[in-house]
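Keeping their order, the protein sequence lines are chains A and B. In terms of my numbering, the numbers along the first sequence are unbroken and rise by one, the last being 279. In terms of my numbering, the numbers along the second sequence are unbroken and rise by one, the last being 393. Even glycine gets a Cβ: it sits at the ideal position worked out from N, Cα and C.
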Amino acid sequence: MNKHIVSITEDQRDCYQEIANVAMGQAAALLAKLLEVKVILPIPVVNLIEVNELRMALSGIENSDKVSGVCQGFIGNKISGEALLIFNDASLSDIAKLLKYSNELDTSLDLELLMDVANILIGACLRGIGSQLDVNFSQGHPVVLGQHVNLSELISTNNYRWSKTLAIEINYKIEGYDINCDLLLLFAEDAIEVLNNKVNYLLED
Amino acid sequence: MTNQNISNDEFKEIHSLMGMLQNLDVGLVVLDREYNIQLWNNFMESHSGMNPYEVRNQNLFSVFPEINQVWFTHKAECVFQLNTRAFTTWEQRPYLFKFKNYRPITGSAEFMYQNTTIIPLDSATGQVERIGIIVYDVTDVAVNKLELKAINSKFKQLSRVDKLTGLYNRGYWEECLISEFKRAKRTEQPCSLVMFDIDHFKTVNDKYGHPAGDVAIKFVSDALVNTIRETDIAGRYGGEEFAAILINSTAEQAAVFAERLREYVEQSILEYQGIKFNFTISLGVAEVASGTQSHNEWLDTTDHALYYAKEHGRNQVHIATKQKN
Numbered sequence: 075m076n077k078h079i080v081s082i083t084e085d086q087r088d089c090y091q092e093i094a095n096v097a098m099g100q101a102a103a104l105l106a107k108l109l110e111v112k113v114i115l116p117i118p119v120v121n122l123i124e125v126n127e128l129r130m131a132l133s134g135i136e137n138s139d140k141v142s143g144v145c146q147g148f149i150g151n152k153i154s155g156e157a158l159l160i161f162n163d164a165s166l167s168d169i170a171k172l173l174k175y176s177n178e179l180d181t182s183l184d185l186e187l188l189m190d191v192a193n194i195l196i197g198a199c200l201r202g203i204g205s206q207l208d209v210n211f212s213q214g215h216p217v218v219l220g221q222h223v224n225l226s227e228l229i230s231t232n233n234y235r236w237s238k239t240l241a242i243e244i245n246y247k248i249e250g251y252d253i254n255c256d257l258l259l260l261f262a263e264d265a266i267e268v269l270n271n272k273v274n275y276l277l278e279d
Numbered sequence: 069m070t071n072q073n074i075s076n077d078e079f080k081e082i083h084s085l086m087g088m089l090q091n092l093d094v095g096l097v098v099l100d101r102e103y104n105i106q107l108w109n110n111f112m113e114s115h116s117g118m119n120p121y122e123v124r125n126q127n128l129f130s131v132f133p134e135i136n137q138v139w140f141t142h143k144a145e146c147v148f149q150l151n152t153r154a155f156t157t158w159e160q161r162p163y164l165f166k167f168k169n170y171r172p173i174t175g176s177a178e179f180m181y182q183n184t185t186i187i188p189l190d191s192a193t194g195q196v197e198r199i200g201i202i203v204y205d206v207t208d209v210a211v212n213k214l215e216l217k218a219i220n221s222k223f224k225q226l227s228r229v230d231k232l233t234g235l236y237n238r239g240y241w242e243e244c245l246i247s248e249f250k251r252a253k254r255t256e257q258p259c260s261l262v263m264f265d266i267d268h269f270k271t272v273n274d275k276y277g278h279p280a281g282d283v284a285i286k287f288v289s290d291a292l293v294n295t296i297r298e299t300d301i302a303g304r305y306g307g308e309e310f311a312a313i314l315i316n317s318t319a320e321q322a323a324v325f326a327e328r329l330r331e332y333v334e335q336s337i338l339e340y341q342g343i344k345f346n347f348t349i350s351l352g353v354a355e356v357a358s359g360t361q362s363h364n365e366w367l368d369t370t371d372h373a374l375y376y377a378k379e380h381g382r383n384q385v386h387i388a389t390k391q392k393n
């Protein structure tokens with residue numbers, strides 16, 4: 075069987091960007107409500123990349139920085155993928171302030187912060203995307219990828235099952251705070267065709 | 069629809085559905101806004117030893133005082149207020165409910181590691197009135213991961229240490245040197261390097277044999293470890309060559325340390341298989357100067373000082389002349 079080459083058109087890319095924009099806005103609104111801050115909304119970056127180029131999709135994070143990250147799988151209506159949330163470690167003390175954790179910043183507290191923000195951002199983004207595409211995503215349990223490591227150590231696995239991924243990168247910043255976190259939504263190769271059909275339907279309107 | 073109107077079929081369906089929920093090997097708990105327990109499935113009953121009638125309408129935190137209330141309500145309030153799911157992993161806290169390991173005989177963990185998902189319920193009105201807690205037993209995953217982590221850190225330790233002396237090996241010591249060099253440059257705190265080797269080590273080996281040489285090396289490394297402070301970083305640089313990074317020390321302070329070590333070695337008499345012998349060491353000292361460009365340059369300067377000490381009669385400490393800015 076000839077392998078079907080996956081691609082997205084410019085129109086489809088714009089559509090994904092718009093969907094991500096709406097979802098990200100909803101997620102940011104929840105975050106703002108919880109933390110009582112102003113979240114600076116970036117423009118989501120949509121790219122069809124090789125999985126081994128994942129590193130390049132994380133443009134908001136420098137390679138030399140120490141980072142921590144969690145990863146959560148999701149699936150619904152044959153659309154599967156993973157959400158990656160990566161924090162620059164420099165952000166942690168400011169996040170602790172925002173989440174009103176008063177204890178000293180130890181390893182387990184870092185993890186609490188990471189999980190709290192991941193719960194909100196990933197959950198809300200998936201719900202936002204799901205409601206626009208009429209998909210109800212199930213979420214797996216989040217997995218800690220690593221803490222206080224280099225980016226390359228965090229995403230070092232190289233036995234990737236699919237070769238291409240639709241990556242949506244959202245770089246969140248919070249006004250008045252030194253907080254930098256990257257949310258990456260990665261859709262599996264076999265999900266891209268399903269997604270393309272869905273957005274084509276939206277584009278027809 | 070009132071209860072009276074439920075048809076026989078619907079009743080059967082609900083009954084089988086409840087049977088599924090009851091027997092699901094996952095903990096299910098429903099809490100109301102005040103954290104009172106509303107639902108308690110079979111898993112929870114079996115592991116806690118408390119039946120649903122006992123815990124119904126009881127406050128979660130009074131039934132389970134071991135739950136950290138501040139922590140749990142922090143997560144749960146997000147679910148109530150934002151109508152989103154929350155996940156907690158065993159890595160944050162090993163468990164929410166302290167249950168025994170499902171395998172009390174062959175399992176190595178003392179308790180059940182748990183992941184939990186907190187889901188908003190009754191949100192039809194947009195208002196979350198109840199939350200559901202799903203408790204997963206992840207003991208096997210957690211134990212495997214913890215064991216792997218322990219083994220990895222053991223390997224890491226082994227790969228960093230020289231077997232004979234227990235000092236850092238050259239590879240790891242150089243990594244430390246690089247980061248300490250960068251730190252010294254950044255913080256502008258003094259930092260000194262001491263390098264030394266055993267004088268006429270070849271003679272020691274030739275005269276008393278290689279095992280005696282090993283004894284000498286072990287003796288010097290023990291002396292080094294006993295002389296440095298905990299924050300200093302000592303390594304075996306080569307065969308009979310040693311190095312130590314003295315943090316927050318000027319060249320003069322490092323020289324005091326070096327002189328103490330030299331004197332100690334000079335005065336000590338070793339014994340191997342009944343034969344007594346002694347030896348001396350030569351030491352070179354250099355402080356990071358503002359003009360020092362790289363860790364290699366720092367190393368070279370120290371090495372030259374050591375070479376100078378060797379050339380000028382051995383059994384002495386030589387401080388590298390400070391570089392001009």
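Would you please verify whether the beta carbon of residue i is less than 8 Å from any beta carbon of chain A?
i, result
"E327 (chain B)", "no"
"R153 (chain B)", "yes"
"T389 (chain B)", "no"
"E159 (chain B)", "yes"
"L99 (chain B)", "no"
"T141 (chain B)", "no"
"T156 (chain B)", "yes"
"N220 (chain B)", "no"
"F232 (chain B)", "According to the sequence displayed, residue 232 (chain B) carries Leu and not Phe. Not one chain A Cβ lies under 8 Å of L232 (chain B)."
"N212 (chain B)", "no"
Please classify residue i as buried or exposed, where buried requires at least 16 other C-beta atoms within 10 Å of its C-beta.
i, result
"L128 (chain B)", "buried"
"S260 (chain B)", "buried"
"I219 (chain B)", "exposed"
"D184 (chain A)", "buried"
"K275 (chain B)", "exposed"
"P216 (chain A)", "buried"
"H83 (chain B)", "exposed"
"A262 (chain A)", "buried"
"Y163 (chain B)", "buried"
"A354 (chain B)", "buried"
"D93 (chain B)", "exposed"
"P133 (chain B)", "exposed"
For residue i, collect the residues of the same chain with a Cβ closer than 7 Å to its Cβ; drop the 5 residues on either side in sequence, then sort them by chain order.
i, result
"T185 (chain B)", "R153, F155 and I202"
"N169 (chain B)", "G175, A177, E178, F179, M180 and T207"
"A131 (chain A)", "N121, I123, A241, E243 and L258"
"K143 (chain B)", "A154, T156 and I186"
"N210 (chain A)", "G150 and G204"
"I135 (chain B)", "L128, F129 and L164"
Anyone know if the C-beta pair for residue i and residue j falls short of 8 Å?
i, j, result
"V191 (chain A)", "N162 (chain A)", "no"
"F249 (chain B)", "E308 (chain B)", "no"
"L292 (chain B)", "A280 (chain B)", "no"
"V352 (chain B)", "Y376 (chain B)", "Strictly speaking, residue 352 (chain B) in this sequence is Gly, with Val absent from that position. Yes, the Cβ-Cβ distance between G352 (chain B) and Y376 (chain B) is below 8 Å."
"A357 (chain B)", "A373 (chain B)", "no"
"D267 (chain B)", "T370 (chain B)", "no"
"T360 (chain B)", "S289 (chain B)", "no"
"Q126 (chain B)", "N104 (chain B)", "yes"
"I160 (chain A)", "L187 (chain A)", "no"
Got a sec: is the Cβ-Cβ distance from residue i to anything in chain B below 8 Å?
i, result
"N193 (chain A)", "yes"
"V218 (chain A)", "yes"
"M189 (chain A)", "yes"
"K112 (chain A)", "no"
"H215 (chain A)", "yes"
Per DSSP, what are the beta-bridge partners of residue i in this structure?
i, result
"H268 (chain B)", "Per DSSP, none; premise fails for H268 (chain B)."
"W108 (chain B)", "B:V97"
"T360 (chain B)", "BP columns for T360 (chain B) are empty, so no partner."
"D205 (chain B)", "B:Q182"
"P120 (chain B)", "DSSP output for P120 (chain B) lists no bridge partner at all."
Suppose the cutoff is 6 Å on Cβ atoms and the five residues either side in sequence are ignored; what does the same chain contact list for residue i look like?
i, result
"N316 (chain B)", "Q257"
"K392 (chain B)", "Confidence is the limiting factor: at K392 (chain B) the pLDDT is only 46, short of 50, which leaves the residue's position unreliable, though a coordinate-based value still follows. So the list is empty, once near-sequence residues are dropped."
"E230 (chain B)", "For clarity, residue 230 (chain B) is Asp in the given sequence; the question names Glu instead. Result list for D230 (chain B): N237 and R304, in chain order."
"A101 (chain A)", "L195, A198 and C199"
"A157 (chain A)", "Q146, I196 and L259"
"Y332 (chain B)", "A291"
"I82 (chain A)", "L122"
"A94 (chain A)", "P118 and I242"
Looking at chain E, is there any beta carbon in it that lies within less than 8 Å of the beta carbon of residue i?
i, result
"C244 (chain B)", "The structure shown contains no chain E; the protein chains it does contain are A and B."
Counting only the same chain and skipping the five closest in sequence on each side, list residues whose C-beta sits under 8 Å from that of residue i.
i, result
"C89 (chain A)", "V273, L276 and L277"
"L189 (chain B)", "V98, V196, E197, R198, I199 and G200"
"V80 (chain A)", "L122, K238, E263, I266 and E267"
"V272 (chain B)", "I266, A280, G281, A284, F345 and F347"
Within the present structure, is the beta-carbon of residue i separated from the nearest heavy atom of the ligand SAM by less than 7 Å?
i, result
"F269 (chain B)", "As presented, the structure is devoid of all ligands, the ligand SAM included, so that no description of it is given."
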